[in-house]
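In what follows, a single structure is set out as structure tokens and then discussed.
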Ligand code: S3P
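In our numbering, the protein residues as written are 27 to 458.
Put into structure tokens, the structure is as follows:
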């Protein structure tokens, strides 16, 4: 795909596709509900289709599926579940796989097998299967803690788990196992991560208590094996998708952008706070809370300066770190990102794939075991770059091409279908 630079300021108001994290949860949690729920503004993309396959395998039925509206007839809770008849294809989605693993421990005696694509089959799953096995679950993985995962339901007892990695996916998996298990379960996280699972399960009627603990939270969930009455979910726009356009606005002089009706969950805003610290003008306008805070984010270009990102800041901007590297390449000074080794086990090794693309385009980046050091500012030039089958790398490199000299040949752009199928269509209208 051939991409040309953008020379004019970027002035726009935009709506983002539905939030991916919230859509995953709304779909997967339908298996715990009795009755019809409407998921308004859902993200229809490769990753969330994987969650839909899981929900359907347990007995959720799709009543209506349109661009904006997904109407599901809940599976009716674990006692009404069907046993999946065949292994379930989780595609490229770590969120689907990890949350489904916790969920699948819920129904005693049922066998669930989860598998995925080449990238998913290399991502660490022992971070969920290990703690689940310690709590009494019967779970198996391939050698090295890799998918496929097989789960024979039942056996999870209450207790306390202290997570070693700060991961909302792992936390959510354990909370689901606790909700469907045999006793109160407390999960402690080392650093606060996005709390969509806690908010949605509480809105459904689950009993959960969250208390602060060092840099994160400890969450206690009581067992609730009975079905929940169905709830409707309004999905705000995805701030992680908005971050690509926010980066473009921050980089092109004279730009002003409003991202309308996006999730303002504090666990998702780290990137925007960092952009503010780097010198862009950012304003958050909250417009509602039901139960997720949502509203508009205003972004305007500013002269950018280097900043450091440390471990504590990482979870709230984990998916946006490739964009931080791009911004840092255009900012004055040396930006160091540390405590971000989680980047190595995302859809690609994002320390390597971010560096590879940006260095090819002319930026100066050093690889650290747990992050990156970026020397800025450097001018970028168009060349051949590869997305390495990673949706966020494809989109970051597209934004890089917009601020580069000369045209860029992007290989593997089709990866955007995982989280943002309309990305290039939108880009085409902006770049015109
Ligand atoms: C997600 C959590 C994050 C994030 C992913 C979605 C979620 O992963 O990278 O895109 O929906 O819970 P980790 O929690 O494993 O870091």
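Just so it is clear, CB atoms sit at the ideal spot from N, CA and C, and this is done for glycine as well.
- One Cα belongs to residue 424, the other to residue 437, and the distance between them is close to 11 Å.
- For the pair residue 41 and residue 262, the Cα-to-Cα distance works out to about 10 Å.
- In the displayed model, residue 174 falls within a strand according to three-state DSSP.
- Here the region 236-253 makes no contact with the region 268-288; the two share fewer than three CB pairs at distances below 8 Å.
- The beta carbon of residue 63 lies closer than 8 Å to those of 52, 56, 97, 98, 100, 256, 257, 258, 259 in the same chain, with the five residues before and after it left out.
- Contact between residue 288 and residue 323 holds: their C-beta atoms lie close to 6 Å from each other, under 8 Å.
- Short of 8 Å from the beta carbon of residue 102, and not among the five residues preceding or following it, lie these beta carbons of its own chain, in chain order: 59, 60, 85, 253.
- By a beta-carbon distance limit of 8 Å, residue 38 contacts residue 456. Their separation comes to about 7 Å.
- Contact annotation: residue 304 and residue 340 have beta-carbon atoms that are not nearer than 8 Å.
- Counting only runs of 4+ residues, the alpha helix (DSSP H) found wholly inside the region 388-432 occupies 417-428, in chain order.
- Here residue 384 is not near residue 376, since their CB atoms are 8 Å or more apart.
- Taking C-beta separations shorter than 8 Å and ignoring five residues to either side along the sequence, the partners of residue 93 in its chain run 70, following chain order.
- Sequence-distant Cβ neighbours of residue 187 in its own chain, meaning closer than 8 Å and more than five residues away, are 157, 160, 161, 200, 211, 212, 213, 214.
- Rounded to the nearest whole angstrom, the CA to CA distance from residue 248 to residue 135 is 22 Å.
- Under the three-state reduction of DSSP, residue 188 is assigned to strand.
- Taking C-beta separations shorter than 6 Å and ignoring five residues to either side along the sequence, the partners of residue 113 in its chain run 139, 141, following chain order.
- Residue 291 and residue 319 do touch by the CB rule: their CB atoms are close to 6 Å apart, below 8 Å.
- Taking the C-beta atoms as reference points, residue 115 is found no nearer than 8 Å to residue 444.
- DSSP assignment within the region 114-184 yields the following whole alpha helix (DSSP H) runs of 4 residues or more, N-terminal first: 120-130, 152-160.
- The straight-line gap separating the alpha-carbon atoms of residue 151 and residue 331 is approximately 38 Å.
- With a cutoff of 7 Å, residue 267 does not count as near the ligand S3P, since its C-beta is closer than that to no heavy atom of the ligand.
- Closest option to residue 357, judged by alpha-carbon separation, among 195, 401, 286, 223: 401.
- In this structure, residue 373 lies near residue 417, with their beta-carbon atoms less than 8 Å apart.
- Residue environment analysis places residue 265 among the buried positions, since at least 16 neighbouring C-beta atoms fall within 10 angstroms of its C-beta.
- DSSP lists no beta-bridge partner residue for residue 348.
- For residue 338, the closest alpha carbon among the candidates 224, 433, 219, 173 is that of 219.
- Residue range 46-55 is occupied by the alpha helix (DSSP H) that includes residue 48.
- Between residue 131 and residue 163, the C-beta spacing is below 8 Å.
- Within a 10 Å sphere around the beta-carbon of residue 145 sit 16 or more other beta-carbons, which makes this residue buried.
- The C-beta distance from residue 342 to residue 295 rounds to 6 Å, short enough to meet the 8 Å contact threshold.
- Boundaries of the beta strand (DSSP E) harbouring residue 244: 242-247, taken from the DSSP string.
- Distance from the C-beta of residue 368 to the nearest heavy atom of the ligand S3P is below 7 Å.
- The region 244-278 is shown to contain whole alpha helix (DSSP H) runs of 4 or more residues at 265-277, in chain order.
- Using a cutoff of 7 Å, the CB of residue 339 does not count as near the ligand S3P, since none of the ligand's heavy atoms is closer than that.
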